[in-house]
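Participant: Heads up: the protein sequence lines correspond to chains A and B, in order. Numbering of the first sequence is given in the working numbering, commencing with residue 1 and proceeding in unit increments. Numbering of the second sequence is given in the working numbering, commencing with residue 1001 and proceeding in unit increments. Mind looking over this structure? Questions follow.
There are 2 protein chains.
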Amino acid sequence: MTEIERKLDSNGIRPTAMRILIYKYMAEKNNALALTDVEQAFQKAERTTLYRTIKTFEEKGIVHQIDDGTGVLKYALCEPGCNCEIDRDLHLHFHCNSCDKTICLTQHKIPHINLPEGFMAEDANLVVKGICDSCSAY
Amino acid sequence: MTEIERKLDSNGIRPTAMRILIYKYMAEKNNALALTDVEQAFQKAERTTLYRTIKTFEEKGIVHQIDDGTGVLKYALCEPGCNCEIDRDLHLHFHCNSCDKTICLTQHKIPHINLPEGFMAEDANLVVKGICDSCSAY
DNA sequence: TATTAATTGCACTTCTGTTGCATTGCTTAT
DNA sequence: ATAAGCAATGCAACAGAAGTGCAATTAATA
Ligand SMILES: [Mn+2]
Ligand SMILES: [Mn+2]
Ligand SMILES: [Zn+2]
Ligand SMILES: [Zn+2]
């Protein structure tokens, strides 16, 4: 039983061949992925299977969904210490206007926001857009 | 020439009947609207006309688009003092999980975020979700 | 009034996300 | 080992939102 299989198994996800492949793929990318990205990588696989696999990962708390404002949902593996499952891990996301990649800035938490009287916060989403480190290196 | 006509005109928008109606409608709502909301309000009008009207408003800088994470784009009139046209007005948006309305918190600017080495911010979007003042009043 | 430009209406397309259902594969109890 | 039962996959189709092309109107201007 490999590392990944154990990870899936311990989160109540049956480690099928497809799931292991998708997990591995997501793990080796350091940016968030759209369903179409995964589709590109596994052209022989069914879109629905990929979709449901990612959704399963999400439900089981090993992947979180990101709305980066591009109109396409992105997904990224939860880093160790990410508490998505519990009450939302409020780290911020960065979208590069140059390379179009979306990156989890896991270390950067969303600052506390004080709201007007009567408003109660339950969740928050902060996306910063600009130029990423790779793109600004040139 | 009415107030609204002047407003449109001074922003380079020809004040047609339809445009005046839509502007008025958006002005009397205090929450952000989806295209479908406007569609509901003007059932006899063509969707495309409504769509293009809002897009025109946006291009001319009197409306801004909001991605509140629901998957449906929202639009709201720019308040006096909103500098969308210039470099983005970084106020935050609140989405109520109860009444499903999205509100501009024009007074609440997005706090400065310091990013890791190499990252350069150009824009930011912060959406807080929770219970709005009207809903929490009960 | 004739010419030109902007606006609107209608039809149709694309893209993303999502579901229903039959089929296949895996697990477990007999 | 076999059969029953449940989970995963493949295939088809749908829904909603956003957007485009083009013809028909309507408004502005010469
Ligand atoms: Mn993330
Ligand atoms: Mn706003
Ligand atoms: Zn980049
Ligand atoms: Zn509310």
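Every residue, glycine too, gets a C-beta built ideally from N, C-alpha and C.
1. Can you pull the chain B neighbours of Glu58 of chain A, defined as C-beta to C-beta under 7 Å?
2. Please determine, among A:Gln40, A:Arg19 and A:Ser136, the residue with the shortest C-alpha to C-alpha distance to Lys55 of chain A.
3. Under 8 Å, Cβ to Cβ, is there at least one residue of chain A near Val1072 of chain B?
4. Can we count Ile54 of chain A as close to ligand 1, meaning its CB is less than 7 Å from some heavy atom?
5. Around the C-beta of Met1 of chain A, are 16 or more other C-beta atoms found within 10 angstroms, so that it is buried, or is it exposed?
6. Reducing DSSP to helix, strand and coil, say where Val1128 of chain B ends up.
7. Kindly provide the chain-ordered list of residues whose Cβ lies closer than 5 Å to any non-hydrogen atom of ligand 4.
8. Tell me which same chain residues have a C-beta within less than 6 Å of the C-beta of Phe1057 of chain B, skipping the five on either side of it?
9. Given a threshold of 16 other Cβ atoms within 10 Å of its Cβ, counted over all protein chains shown, does Lys1044 of chain B qualify as buried or as exposed?
10. DSSP has Ile121 of chain A in a bridge; who is on the other side?
11. May I ask which residues mark the beginning and end of the beta strand (DSSP E) holding Phe42 of chain A?
12. Mind checking whether Glu39 of chain A and Arg47 of chain A have CB atoms under 8 Å apart?
13. Give a yes or no on whether 8 Å exceeds the smallest Cβ distance from Ala1124 of chain B to chain A.
14. Mind checking whether the beta-carbon of Lys29 of chain A lies closer than 7 Å to any heavy atom of ligand 3?
15. Tell me, which residues are paired with Asp67 of chain A by DSSP?
16. Could you tell me if Asn30 of chain A is buried or exposed, where buried requires 16 or more neighbouring beta carbons within 10 angstroms of its beta carbon?
17. Relative to the alpha-carbon of His1112 of chain B, which residue among B:Lys1074, B:Ser1098, B:Glu1122 and B:Gly1118 has its alpha-carbon at the smallest distance?
18. Expressed to the nearest angstrom, what Euclidean distance is found between the alpha-carbon atoms of Leu90 of chain A and Ser136 of chain A?
19. Find out if the Cβ-Cβ distance for the pair Asn1011 of chain B, Gly1061 of chain B is shorter than 8 Å.
20. Out of B:His1108, B:Phe1119, B:Ala1034 and B:Glu1079, point me to the one whose CA is closest to Lys1101 of chain B's CA.
21. Just to confirm the assignment: which complete alpha helix (DSSP H) runs, minimum length 4, are found wholly within the stretch 18 to 43 of chain A?
22. Let me confirm a value: Gly69 of chain A is counted as buried when at least 16 other C-beta atoms fall within 10 Å, else exposed. Which label applies?
23. Lys101 of chain A CB to nearest chain B CB: under 8 Å?
24. Mind checking which residues open and close the beta strand (DSSP E) that includes Leu115 of chain A?
25. Hey, how far is the Cα of Ile1004 of chain B from the Cα of Tyr1051 of chain B?
Facilitator: Answer, in terms of the structure:
1. Residue mapping note: residue 58 of chain A aligns to position 58 of the first sequence, counting from 1. Per Cβ cutoff of 7 Å: no residues; Glu58 of chain A is ~15 Å from chain B at best.
2. Position 55 of the first sequence, counted from the first residue, corresponds to residue 55 of chain A. Checked all of A:Gln40, A:Arg19 and A:Ser136; the closest Cα to Lys55 of chain A is A:Arg19.
3. Reading the second sequence from its first residue, position 72 is the one you call residue 1072 of chain B. It does not: the Cβ of Val1072 of chain B has no partner Cβ on chain A nearer than 8 Å.
4. The residue you call residue 54 of chain A lines up with position 54 of the first sequence. No.
5. Locating residue 1 of chain A in the first sequence gives position 1, counting from the first residue. Flag for Met1 of chain A reads exposed.
6. Position 128 of the second sequence, counted from the start, is the residue given in the question as residue 1128 of chain B. Strand at Val1128 of chain B.
7. B:Cys1096, B:Ser1098, B:Cys1099, B:Cys1132 and B:Cys1135
8. Locating residue 1057 of chain B in the second sequence gives position 57, where the first residue counts as 1. Excluding residues within five positions, the ones whose Cβ falls inside 6 Å are Val1063.
9. Walking along the second sequence from the start, residue 1044 of chain B turns up at place 44. Burial call: exposed.
10. Reading the first sequence from its first residue, position 121 is the one you call residue 121 of chain A. One point to set straight first is that residue 121 of chain A is Ala, not Ile, in the sequence displayed. Note: Ala121 of chain A sits in a beta bridge opposite B:Gly1130.
11. Residue 42 of chain A sits at position 42 when you count from the first residue of the first sequence. First-last for Phe42 of chain A: undefined, no H or E at that position.
12. Here residue 39 of chain A corresponds to residue number 39 of the first sequence, with the count starting at 1. Here residue 47 of chain A corresponds to residue number 47 of the first sequence, with the count starting at 1. Cβ distance < 8 Å, so Glu39 of chain A and Arg47 of chain A count as in contact.
13. One-based indexing of the second sequence puts residue 1124 of chain B at position 124. Ala1124 of chain B counts as touching chain A.
14. Translated into the one-based positions of the first sequence, residue 29 of chain A becomes position 29. No, ligand 3 has no heavy atom inside 7 Å of this Cβ.
15. Along the first sequence, read from residue 1 onward, the residue named residue 67 of chain A stands at position 67. Asp67 of chain A is bridged to A:Leu73.
16. As a position in the first sequence, residue 30 of chain A is number 30, starting the count at 1. When all chains shown are included, Asn30 of chain A counts as exposed.
17. For this step, residue 1112 of chain B is matched to residue 112 along the second sequence. For His1112 of chain B, the nearest C-alpha among the options comes from B:Glu1122.
18. Stepping through the first sequence from its first residue, residue 90 of chain A is reached at position 90. Stepping through the first sequence from its first residue, residue 136 of chain A is reached at position 136. Near 26 Å, if we compare the C-alpha coordinates of Ser136 of chain A and Leu90 of chain A.
19. In the second sequence, residue 1011 of chain B corresponds to position 11, counting from 1. In the second sequence, residue 1061 of chain B corresponds to position 61, counting from 1. It is a contact, given that the beta carbons lie within the stated cut-off.
20. Position 101 of the second sequence holds residue 1101 of chain B. Per the Cα distances, B:Ala1034.
21. 35 to 41
22. In the first sequence, the residue the question calls residue 69 of chain A occupies position 69. Gly69 of chain A comes out buried.
23. Working through the first sequence from its first residue, we reach residue 101 of chain A at position 101. Taking Cβ atoms only, chain B never reaches closer than 8 Å to Lys101 of chain A, which makes this a no.
24. Here residue 115 of chain A refers to the residue found at position 115 when the first sequence is read from its first residue. No beta strand (DSSP E) contains Leu115 of chain A, which DSSP labels as neither H nor E.
25. In the second sequence, the residue the question calls residue 1004 of chain B occupies position 4. In the second sequence, the residue the question calls residue 1051 of chain B occupies position 51. Looking at the two C-alpha atoms, the distance is approximately 19 Å.
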